[in-house]
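Quick notes on the structure that follows.
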Amino acid sequence: MSDTILKTHGLTKKYGNFTAVSNMDIEVKRGEIYGLVGKNGAGKTTLLKMVSGLALKNSGSLELFGETTETGLNKARKRTGCMIETPSFLPYLSAEKNLEYYRQQRGIVNPSCIRESLEFVGLADTGKKRFKNFSLGMKQRLGLALAIMGNPEFLILDEPINGLDPMGIVEFREMILKLNRERNTTILISSHILGELSQIATTYGFIHNGKLVEHISAGELEEKCKRSLKLKVSDTAKAAVTLQNELNCNEFLVLNEQEIQIGAFLDTPETIVQALVKNNVMVADVHQTGLNLEEYFIELVGGMNHA
Amino acid sequence: MLNLIRADLYKSFHRMYLFIFMMVMAALSIFLNAVLATGGASLESSLNLVATNLFLYPLFLICMFADIVMAEENKEHTMKNTIAYGTTRTQLLMSKMVSTVLVACSVAFVTICVYLACAFLLLHPERADLTPVLSDFFLRLGTTVLIYLAAAILATVLAGVLKRKALFTFAYFVALVLPALMLKCLAYLNPVFVRIMNQTMLMQSQIVAVVPQNELIYCAVNALIHLVVFFILGLLVFRKQEIN
Numbered sequence: 006m007s008d009t010i011l012k013t014h015g016l017t018k019k020y021g022n023f024t025a026v027s028n029m030d031i032e033v034k035r036g037e038i039y040g041l042v043g044k045n046g047a048g049k050t051t052l053l054k055m056v057s058g059l060a061l062k063n064s065g066s067l068e069l070f071g072e073t074t075e076t077g078l079n080k081a082r083k084r085t086g087c088m089i090e091t092p093s094f095l096p097y098l099s100a101e102k103n104l105e106y107y108r109q110q111r112g113i114v115n116p117s118c119i120r121e122s123l124e125f126v127g128l129a130d131t132g133k134k135r136f137k138n139f140s141l142g143m144k145q146r147l148g149l150a151l152a153i154m155g156n157p158e159f160l161i162l163d164e165p166i167n168g169l170d171p172m173g174i175v176e177f178r179e180m181i182l183k184l185n186r187e188r189n190t191t192i193l194i195s196s197h198i199l200g201e202l203s204q205i206a207t208t209y210g211f212i213h214n215g216k217l218v219e220h221i222s223a224g225e226l227e228e229k230c231k232r233s234l235k236l237k238v239s240d241t242a243k244a245a246v247t248l249q250n251e252l253n254c255n256e257f258l259v260l261n262e263q264e265i266q267i268g269a270f271l272d273t274p275e276t277i278v279q280a281l282v283k284n285n286v287m288v289a290d291v292h293q294t295g296l297n298l299e300e301y302f303i304e305l306v307g308g309m310n311h312a
Numbered sequence: 227m228l229n230l231i232r233a234d235l236y237k238s239f240h241r242m243y244l245f246i247f248m249m250v251m252a253a254l255s256i257f258l259n260a261v262l263a264t265g266g267a268s269l270e271s272s273l274n275l276v277a278t279n280l281f282l283y284p285l286f287l288i289c290m291f292a293d294i295v296m297a298e299e300n301k302e303h304t305m306k307n308t309i310a311y312g313t314t315r316t317q318l319l320m321s322k323m324v325s326t327v328l329v330a331c332s333v334a335f336v337t338i339c340v341y342l343a344c345a346f347l348l349l350h351p352e353r354a355d356l357t358p359v360l361s362d363f364f365l366r367l368g369t370t371v372l373i374y375l376a377a378a379i380l381a382t383v384l385a386g387v388l389k390r391k392a393l394f395t396f397a398y399f400v401a402l403v404l405p406a407l408m409l410k411c412l413a414y415l416n417p418v419f420v421r422i423m424n425q426t427m428l429m430q431s432q433i434v435a436v437v438p439q440n441e442l443i444y445c446a447v448n449a450l451i452h453l454v455v456f457f458i459l460g461l462l463v464f465r466k467q468e469i470n
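Chains A and B supply the protein sequences, listed in that same order.
For the first sequence, this note's numbering assigns the number 6 to the initial residue and increments by one for each residue that follows.
For the second sequence, this note's numbering assigns the number 227 to the initial residue and increments by one for each residue that follows.
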């Protein structure tokens with residue numbers, strides 16, 4: 006069984022003179038929660054639409070479950086679940102009847118998959134209430150219920166938490182994590198609510214102006230964004246010895262003759278200052294450094310805008 | 227593709243307005259025969275009335291079935307749920323065409339059954355042997371059904387391609403009426419255009435009631451040509467369609 010679920014190479018989509026996605030190379034591995042990060046109009050939805058067959062590519066290649074031909078891709082898409090843009094259903098049918106329509110369409114033999122999906126997303130008790138009377142949160146949940154119906158191996162979610170209330174966002178996050186952990190579902194999720202994405206994604210793809218500008222694992226990103234204390238001291242050598250001997254701390258990095266970066270005591274910097282002063286090391290400045298996902302993305306994209 | 231058709235039928239028969247439409251058609255059939263019976267008309271004249279006057283109207287009603295099966299999906303953006311599951315555009319369009327035809331046939335079947343039942347119950351035949359009258363009626367009806375099939379394919383294609391329901395309905399009516407109208411105008415310049423005008427679906431649905439029986443085959447061939455052309459053009463256009 007291949008480890009790669011989705012692989013694109015040079016994928017390009019143009020609408021007239023506008024290039025929505027340009028030479029996109031991404032790879033999603035089995036078991037990952039791949040977060041697509043980008044501004045509005047960056048090309049996230051277009052990319053997901055091409056993966057799910059809704060938009061036709063202009064050039065490049067697309068590999069899904071190892072399939073690359075049009076027939077093979079359509080076969081592979083039967084192993085995926087999708088929720089792209091706003092969830093769309095027949096307004097005059099209830100949640101259960103809408104799912105029954107798609108169950109019949111997909112030829113899923115076991116009707117119990119409907120109840121299971123609705124229970125999973127917390128919509129089991131909506132009864133005869135029609136889709137047109139659903140709240141936005143309920144619509145999003147039904148969208149997820151359809152996406153997971155039939156236990157897909159790969160889930161494509163485009164801005165799934167848009168319009169959800171804070172409780173809904175937390176529940177949605179838990180559902181996605183549950184799917185990933187319990188069913189080993191690989192998830193490709195796009196969002197511009199980066200705080201949320203940072204809590205679930207295991208890999209990130211940063212998209213800007215239709216191009217993938219960075220592909221990074223959550224671990225690598227964490228390392229890059231790691232919080233630390235930056236101290237301006239009179240003697241970095243003496244400061245290093247003090248940190249090791251007095252505070253038993255080895256998580257530091259001497260940046261230059263005056264600056265030292267420390268990865269410990271983040272919440273109690275006064276402990277460090279006290280120890281350094283006690284050992285005749287003057288401290289001129291202490292401040293916390295490090296980025297969250299949002300700041301990292303802004304820095305990455307901002308840098309590109311100014312380049 | 228059978229699954230797609232089955233699901234479409236499930237969806238369509240959960241529409242209240244399909245049943246209301248069916249009931250209205252049945253009620254009209256009863257009303258028409260009741261009026262004829264009051265006027266002392268015969269069974270033969272009732273069947274003749276259908277052939278000469280009412281074969282045209284279903285042509286305009288067909289877009290309602292394409293609306294239930296296809297246009298609504300386009301409007302509600304639900305086709306993306308089907309395409310994203312690996313259904314090809316060709317499969318989707320073909321299944322919708324078949325579903326439109328099946329839904330239309332079910333309504334037509336009920337209407338015809340009610341109409342004939344009322345006619346036989348309320349009206350008296352002029353002659354003892356009704357076989358030639360009925361066979362002529364059903365032969366003409368069968369030929370007209372081919373025209374309806376072509377119209378159903380056209381309506382489904384337009385419903386799939388045009389996003390707005392109003393636009394789809396307008397385009398369908400234009401496609402039905404405009405060619406005949408234009409050719410009728412052109413016929414003032416050259417009478418040869420009358421012959422071309424008579425080949426349009428709108429004219430054929432009226433001609434089919436009056437041509438001799440042995441010429442019905444030409445009407446049938448004409449309808450089949452329309453059907454194939456609409457089918458191929460539809461597939462060519464829909465295959466390049468972006469699904470939103």
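Note that beta-carbon positions come from the ideal geometry of N, C-alpha and C, so glycine has one too.
Computed from a predicted model, the values in this text were never measured in an experiment.
Legend entry - Beta carbon proximity, A:S165 to chain B, threshold 8 angstroms: Note on identity: in this sequence residue 165 of chain A is Pro, with Ser being the wrong assignment. False, the Cβ-Cβ gap to chain B never drops below 8 angstroms.
Inset, instruction - Ignoring anything shorter than 4 residues or poking outside the segment 150 to 212 of chain A, list the alpha helix (DSSP H) runs there in chain order. - result: 171 to 187, 199 to 202
Inset, instruction - Determine the contact status of B:P351 and B:S238, defining contact as a CB-CB distance below 8 angstroms. - result: no
Legend entry - Validate contact between the segment 166 to 176 of chain A and the segment 260 to 275 of chain A using beta carbons, cut 8 angstroms, 3 pairs: no
Inset, instruction - Check the Cβ-Cβ distances between B:L328 and every residue of chain C, and say whether any is below 8 angstroms. - result: The chain labelled as chain C is not found among the protein chains of the depicted structure, namely A and B.
Legend entry - Contact belief for B:C331 with B:Y398 at Cβ below 8 angstroms, rounded distance in angstroms: Contact flag wrong, Cβ pair sits at about 19 angstroms.
Inset, instruction - Taking only beta carbons into account, state which residues of the segment 31 to 46 of chain A come closer than 9 angstroms to chain B, listed in chain order. - result: none
Inset, instruction - Mind listing the chain B neighbours of A:P96? Cutoff is C-beta to C-beta under 7 angstroms, in chain order. - result: E302
Legend entry - Neighbour list for B:R232 in chain A, Cβ cutoff strictly below 7 angstroms: Q109
Inset, instruction - Determine the DSSP secondary structure at A:D272, reduced to helix, strand or coil. - result: coil
Inset, instruction - Starting from B:T308, find everything on chain A with Cβ-Cβ shorter than 7 angstroms and list it in chain order. - result: Q110
Legend entry - Within chain B, the residues that A:N79 reaches when beta carbons sit closer than 8 angstroms: G312, T313, T314
Legend entry - Own chain partners of B:T316 with C-beta closer than 8 angstroms, once the 5 adjacent residues on each side are dropped: L461, F464, R465
Inset, instruction - Kindly indicate which residue of B:L404, B:V276, B:M323, B:R390 has the alpha-carbon position closest to the one of B:I338. - result: B:V276
Inset, instruction - Could you have a look at B:K391 and say whether DSSP puts it in helix, strand or coil? - result: helix
Inset, instruction - Under 8 angstroms Cβ to Cβ from A:A312, same chain only, skipping five residues before and after it: list those, please. - result: With a pLDDT of only 44 at A:A312, under 50, the local geometry of the prediction cannot be trusted, and the value read off the model is given with reservation. Cβ neighbours of A:A312 beyond the five flanking positions: none.
Inset, instruction - Return helix, strand or coil for A:M88, following the three-state DSSP convention. - result: strand
Legend entry - Beta-bridge pairing of A:L266 - partner residues as DSSP gives them: The question names Leu, but residue 266 of chain A in the sequence shown is Gln. Note: A:Q266 sits in a beta bridge opposite A:K235, A:L258.
Inset, instruction - Enumerate in chain order the residues of its own chain whose CB-to-CB distance from A:L248 is below 6 angstroms, with the five nearest sequence positions on each side excluded. - result: C254, F257
Inset, instruction - Answer yes or no: does any C-beta atom of chain A fall closer than 8 angstroms to that of B:K389? - result: no
Legend entry - Start-end ranges of the alpha helix (DSSP H) lying completely within the segment 89 to 113 of chain A, minimum 4 residues: 100 to 111
Legend entry - Min CB distance B:K237 to chain A below 8 angstroms: yes
Inset, instruction - Determine contact between the segment 292 to 303 of chain B and the segment 229 to 249 of chain B, defined as no fewer than three beta-carbon pairs at a distance below 8 angstroms. - result: yes
Inset, instruction - Keeping to the same chain, check which residues put their C-beta closer than 7 angstroms to that of A:C118; ignore five residues upstream and five downstream. - result: R108, M154, G155
Legend entry - Proximity test, Cβ basis, 8 angstroms: B:I294 and chain A: no
Legend entry - Neighbour flag for B:I246 against chain A, beta carbons, 8 angstroms: no
Inset, instruction - Verify whether the separation of the beta carbon atoms of A:A223 and A:A244 is less than 8 angstroms. - result: no
Inset, instruction - Starting from the beta carbon of B:R241, find every residue of chain A whose beta carbon is closer than 8 angstroms, and list them in chain order. - result: Y97
Legend entry - Beta carbon of A:T51 nearer than 8 angstroms to that of A:V33: no
Legend entry - With 16 other Cβ atoms within 10 Å as the buried cut-off, status of B:C411: exposed
Legend entry - Separation of B:M423 from B:L459, as counted between CA atoms: 21 angstroms
Inset, instruction - Identify every run of the alpha helix (DSSP H) within the segment 309 to 371 of chain B, keeping only runs that are complete inside it and at least 4 residues long; order them along the chain. - result: 315 to 348
Legend entry - Top-ranked residue by Cα proximity to B:L365, from B:L287, B:S321, B:Y341, B:A446: B:A446
Legend entry - Nearest neighbour of A:G215, chosen from A:E275, A:F23, A:P96, A:I221 [CA to CA]: A:F23
Inset, instruction - Pick out whichever of A:K133, A:V218, A:I194, A:E262 has its Cα sitting closest to the Cα of B:H240. - result: A:K133
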